[in-house]
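Numbering of the sequence shown is given in this note's numbering, commencing with residue 66 and proceeding in unit increments.
Note that CB positions come from ideal geometry on N, CA and C, so glycine has one too.
Just so we're clear, the structure is a prediction, and the values are computed from it rather than from any experiment.
Notes to accompany the following structure.
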Amino acid sequence: MPNHIPRDAAPHASDITRIHISEATRAFIDAHAGEDPRDLALHAKRGEPGLDLPFALDQIAGRRIARTKLPAWAACDDVVYPAHVPMEQCSSQFTAHTKARLACELIAGLPHPTRLVDLTGGLGVDFWALAQRFDEAVYVERQPQLCALAAHNLHALGVRNARVERADGVEFLRTMPPASMIYVDPARRDAHGSRTYAIEDCTPDVLALRGELLAKAPVVMVKLSPMLDWRKTVEDFGGTVQRVAVVSTGNECKELLLMLTRAPHGDVRVDCINDGDTVTFTTAEGQRPSIAPAGSIERMRYLVEPNASIMKAGAFAALQRQCPGLAQIGPNSHLFVGEQPVGAVPGRAFEIARTGGMGKRELKALLEGVTHANIAVRNFPLTAPQLRRRLKLKDGGNDYLFATTDAGGRHVLILAHKAPPATT
């Protein structure tokens with residue numbers, strides 16, 4: 066963090082509205098905005114009066130990441146970025162706005178003025194998006210440099226209803242007045258700095274604190290690792306979870322969000338969000354998808370590979386309810402086939418060219434003229450690299466080869482091509 070940010074600052078948003086950047090530093094940032102900061106670090110002229118080169122390189126690197134991850138921040142010249150690692154780890158604009166949209170739904174009907182408290186402020190991306198949906202918002206963070214950075218950036222981004230508090234989140238919770246919603250993103254590192262995923266090993270331990278959290282706010286949103294089993298996690302929270310969101314972007318699962326409320330819940334809503342696609346179901350609905358009869362794959366014309374959020378949530382029955390006509394190839398295949406065009410689907414759609422088994426004659430017919438293929442395996446005895454070596458295929462090309470096991474236990478291969486985009 067640059068020396069422009071006071072190490073012992075305990076700012077409110079109104080106390081620190083600008084972090085000073087010298088004219089020489091700002092000119093360097095603007096002049097080299099499109100360059101690779103690693104090359105600049107090696108070749109930039111040092112010793113120029115007024116130039117803070119380490120800070121400038123952090124800004125160039127931060128803006129570079131923000132152009133795709135946080136375009137609204139990248140569009141604001143006054144935003145100041147931290148070192149590289151926090152930028153890589155922070156929420157994206159999409160995931161932050163997803164939380165804000167969910168929060169808006171959760172607090173609908175609560176009395177005004179609505180008040181948000183973020184007990185784990187960090188870089189402030191989630192807080193920036195959430196605060197805009199509340200009348201008042203409080204950012205809590207114990208690291209003074211992050212507090213100063215957040216205060217500066219919130220002002221630069223036009224957030225005027227925020228207050229920044231330098232404090233330990235748990236201590237602040239125990240003395241704060243009631244809020245409409247509390248947001249918590251526990252740090253996923255243990256006391257030794259090692260990566261952890263178990264909720265009780267994160268800081269703060271939201272499982273242990275759930276009673277205190279709900280005593281201060283009727284709605285609590287918790288961001289957790291996507292590595293967790295959401296069903297077990299809901300059980301661990303003992304009936305306080307009203308809603309779950311599995312959030313992916315670019316077909317990569319990024320976050321597991323739990324929304325807690327005071328009333329006990331037996332039926333939990335689950336939202337599987339992947340960019341613009343959302344599949345929703347409740348735990349009271351049937352969870353078992355229908356399976357294609359053994360031997361029926363040969364007459365199927367289309368294949369669907371569900372997106373990452375559906376895969377993570379196991380929302381296969383919900384996918385079938387949204388896309389009638391699809392059947393899962395086998396109980397654990399997680400691949401779906403149909404005889405009719407599938408249209409827009411929450412996942413990747415393919416047109417089936419040929420199908421076959423692992424016998425020599427079948428393989429010869431299936432792979433005639435095929436030298437390259439993108440291979441995916443689901444519930445199959447070989448890994449993708451093993452199958453590639455076995456079939457002597459190179460990676461890439463326009464052909465896709467799916468290997469799985471059908472309802473009768475037969476190992477099947479499906480050669481397919483991407484279906485054209487669905488027209489609306």
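Exposure label - residue i; buried when at least 16 CB within 10 Å
i              : result
glutamate 370  : buried
leucine 107    : exposed
histidine 358  : It should be pointed out that residue 358 corresponds to proline in this sequence rather than to histidine. Classification for proline 358: exposed.
glycine 395    : buried
proline 67     : With a pLDDT of 45 at proline 67, under the threshold of 50, the modelled position of this residue cannot be trusted; read the value that follows with caution. Proline 67 comes out buried.
tyrosine 262   : exposed
proline 76     : At proline 76, the pLDDT of 42 sits below 50, so the modelled position is not reliable and the matter cannot be decided from this model.
arginine 72    : Because arginine 72 sits at a pLDDT of 37, beneath the cut-off of 50, its placement in the model cannot be relied upon, and the following sentence gives the value as read from the coordinates. Exposed, since its Cβ has fewer than 16 Cβ neighbours within 10 Å.
asparagine 372 : buried
histidine 437  : exposed
alanine 484    : buried
serine 259     : exposed
alanine 78     : Because the pLDDT of alanine 78 is 43, which lies under 50, any placement of that residue in the model is unreliable, and the number read from its coordinates should be weighed accordingly. By the 10 Å Cβ count, alanine 78 comes out buried.
glycine 403    : buried
alanine 139    : buried
threonine 179  : buried
threonine 240  : exposed
glutamate 230  : buried
cysteine 536   : Past the boundaries of the shown model lies residue 536; the chain is included only from 66 to 489, so the question cannot be answered.
glycine 99     : exposed
arginine 327   : exposed
glutamate 350  : exposed
glutamine 385  : buried
lysine 319     : buried
arginine 364   : exposed
Short Cβ contact (8 Å threshold) for residue i with residue j
i                : j              : result
tyrosine 465     : alanine 449    : no
arginine 334     : arginine 366   : no
leucine 188      : proline 136    : no
valine 235       : proline 283    : no
aspartate 191    : alanine 216    : no
tryptophan 295   : valine 312     : no
leucine 238      : lysine 281     : yes
isoleucine 264   : aspartate 301  : yes
arginine 443     : histidine 399  : yes
proline 102      : leucine 122    : yes
glycine 360      : glycine 474    : no
glycine 434      : glutamate 427  : no
glycine 492      : tyrosine 146   : Outside the displayed span of the chain (66 to 489) sits residue 492, for which this structure offers no information.
phenylalanine 51 : leucine 458    : In the structure displayed, the chain extends from 66 to 489; residue 51 sits before or after that span and is not available.
arginine 253     : serine 290     : yes
lysine 377       : leucine 322    : no
glycine 408      : isoleucine 375 : no
glutamine 405    : glycine 424    : no
Reference residue i, options the options, closest by Cα
i                 : options                           : result
threonine 133     : Leu279, Gly315, Pro243 and Arg180 : Gly315
aspartate 250     : Met241, Leu274 and Thr240         : Leu274
leucine 171       : Leu195, Asp143, Asp270 and Leu135 : Leu195
phenylalanine 467 : Asp340, Pro486 and Leu447         : Leu447
lysine 429        : Pro411, Arg455 and Ser259         : Arg455
glutamine 124     : Val311, Phe302, Val144 and Gly112 : Val144
histidine 85      : Phe192, Arg128 and Asn218         : Asn218
serine 157        : Leu368, Pro119, Glu317 and Arg231 : Glu317
glutamate 113     : Arg128, Ser87 and Thr305          : Ser87
phenylalanine 120 : Ala89, Ala140 and Gly99           : Ala89
alanine 383       : Val344, Asp340, Ile94 and Lys281  : Val344
aspartate 233     : Gly351, Gly186 and Ile264         : Gly186
valine 410        : Cys141, Leu400, Ile440 and Gln387 : Gln387
valine 224        : Ile247, Asp200, His330 and Gly412 : Asp200
alanine 173       : Gly331, Met246, Asp460 and Asp104 : Met246
cysteine 497      : His177, Arg207, Thr470 and Leu211 : The chain is shown only over 66 to 489; residue 497 falls outside these bounds and no answer can be derived.
proline 242       : Leu278, Met286 and Cys267         : Leu278
threonine 515     : Phe401, Asp104, Ala227 and Val299 : The chain is shown only over 66 to 489; residue 515 falls outside these bounds and no answer can be derived.
asparagine 342    : Cys169, Glu153, Asp460 and Thr163 : It should be pointed out that residue 342 corresponds to aspartate in this sequence rather than to asparagine. Measuring from the Cα of aspartate 342, the nearest candidate turns out to be Thr163.
phenylalanine 159 : His177, Asp183, Leu184 and Ala131 : Ala131
valine 306        : Gly462, His220 and Met286         : Met286
Supposed contact pair residue j and residue i - C-beta distance, whole angstroms, cut 8 Å
i              : j              : result
leucine 181    : valine 203     : 7 Å
arginine 198   : alanine 148    : About 29 Å; that fails the 8 Å criterion.
alanine 490    : serine 355     : Since the first and last residues shown for the chain are 66 and 489, residue 490 lies out of range.
isoleucine 417 : isoleucine 479 : 6 Å
methionine 324 : leucine 167    : 7 Å
alanine 440    : arginine 453   : This sequence places isoleucine at residue 440; alanine is not what is there. Confirmed, about 6 Å.
tryptophan 193 : leucine 222    : 6 Å
threonine 348  : aspartate 336  : Rounded, the Cβ-Cβ distance is 13 Å, inconsistent with contact.
glycine 304    : histidine 330  : 6 Å
Please specify which runs of the alpha helix (DSSP H), each continuous and at least 4 residues long, are wholly inside the segment 299-387, giving them in chain order.
373-378 and 381-387
Identify every run of the alpha helix (DSSP H) within the segment 144-180, keeping only runs that are complete inside it and at least 4 residues long; order them along the chain.
149-154 and 158-172
What alpha helix (DSSP H) runs, 4 residues minimum, are completely inside the segment 446-473?
449-456
Any alpha helix (DSSP H) of 4 or more consecutive residues that is wholly inside the segment 258-289
271-281
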